[in-house]
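Working notes, structure below.
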């Protein structure tokens, strides 16, 4: 299994147009088993004011690398732009939770895999809990930005409100685990999630990085 993540820079109008017209084409592309079109944000507050109207992207899951190669050269991908602002190909290590009622990332490599890793956290926030969630987010995002071993991170979402997440790249699994389990702000967020139950659906997945290149969250990435 290979997960392709791509981001492009473009005008807000073009990004909104692609989000409105390309969802079904991506879903029906040969070899794609799961897909999402993504808006992005700074990942600081996860509110609408956090959105980046000039960076848009997609996530697509393939079972075969040959299908990914065809996808990369397709008119569908080229319709987004000549070259992605950021591009990554991943294979799953672990995945917990659901995305749109599905478990799209079947783990295929051992958790002890060495080298750079990526993480996707994604949740559907209950409307009744949104204000509380937003109040608790800033300390976590501040600690993420300064976390040792972080290569880059960006907020991702399927909608301006309610469907929120983060995509991040790390030097190693050890650095990611140190942030996830050692950051006081992140630990508090985990505890509050358990107490307040503010998600109706959530997913956390970790991946081995096969290839990554471009600009992610203002940082230059090169890992091939």
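Numbering (the working numbering), first residue to last: 204 to 427. All residues carry an ideal CB built from backbone N, CA and C; glycine is no exception. Remember, predicted model here, so these are calculated numbers, not experimental data.
Taking residue i as the reference, give the member of the options with the closest Cα.
| i | options | result |
| --- | --- | --- |
| residue 373 | 309, 271, 405, 423 | 423 |
| residue 267 | 260, 381, 290, 294 | 294 |
| residue 207 | 263, 213, 256 | 263 |
| residue 271 | 303, 413, 205 | 205 |
| residue 282 | 256, 218, 310 | 218 |
| residue 309 | 377, 265, 212, 214 | 265 |
| residue 231 | 255, 274, 257, 303 | 274 |
| residue 214 | 256, 244, 377, 305 | 256 |
| residue 305 | 415, 211, 236 | 236 |
Keeping to the same chain, check which residues put their C-beta closer than 6 Å to that of residue i; ignore five residues upstream and five downstream.
| i | result |
| --- | --- |
| residue 323 | 370, 408 |
| residue 368 | 324, 325, 359 |
For a quick check, are the C-beta atoms of residue i and residue j less than 8 Å apart?
| i | j | result |
| --- | --- | --- |
| residue 229 | residue 279 | yes |
| residue 406 | residue 242 | no |
| residue 287 | residue 209 | yes |
| residue 320 | residue 296 | yes |
| residue 238 | residue 261 | yes |
| residue 419 | residue 292 | no |
By a C-beta neighbour count over all protein chains shown, 10 Å radius and 16 as the cutoff for buried, is residue i buried or exposed?
| i | result |
| --- | --- |
| residue 411 | buried |
| residue 361 | buried |
| residue 355 | buried |
| residue 224 | exposed |
| residue 351 | exposed |
| residue 347 | buried |
| residue 216 | exposed |
| residue 318 | exposed |
Beta-carbon within less than 7 Å of residue i's beta-carbon, same chain only, minus the 5 sequence neighbours each way: which residues are those?
| i | result |
| --- | --- |
| residue 429 | Residue 429 is absent from the structure shown; the chain starts at 204 and stops at 427. |
Identify the residues that DSSP records as bridge partners of residue i: which are they?
| i | result |
| --- | --- |
| residue 262 | 208, 239 |
| residue 407 | 299, 324 |
| residue 276 | Residue 276 is not bridged to any residue. |
| residue 414 | 292 |
| residue 373 | 320, 353 |
For the ligand FMN, I want to know if residue i counts as a neighbour, meaning its beta carbon is within less than 7 Å of at least one of the ligand's heavy atoms.
| i | result |
| --- | --- |
| residue 415 | With respect to the ligand FMN, the structure shown offers nothing to examine, as it has no ligands at all. |
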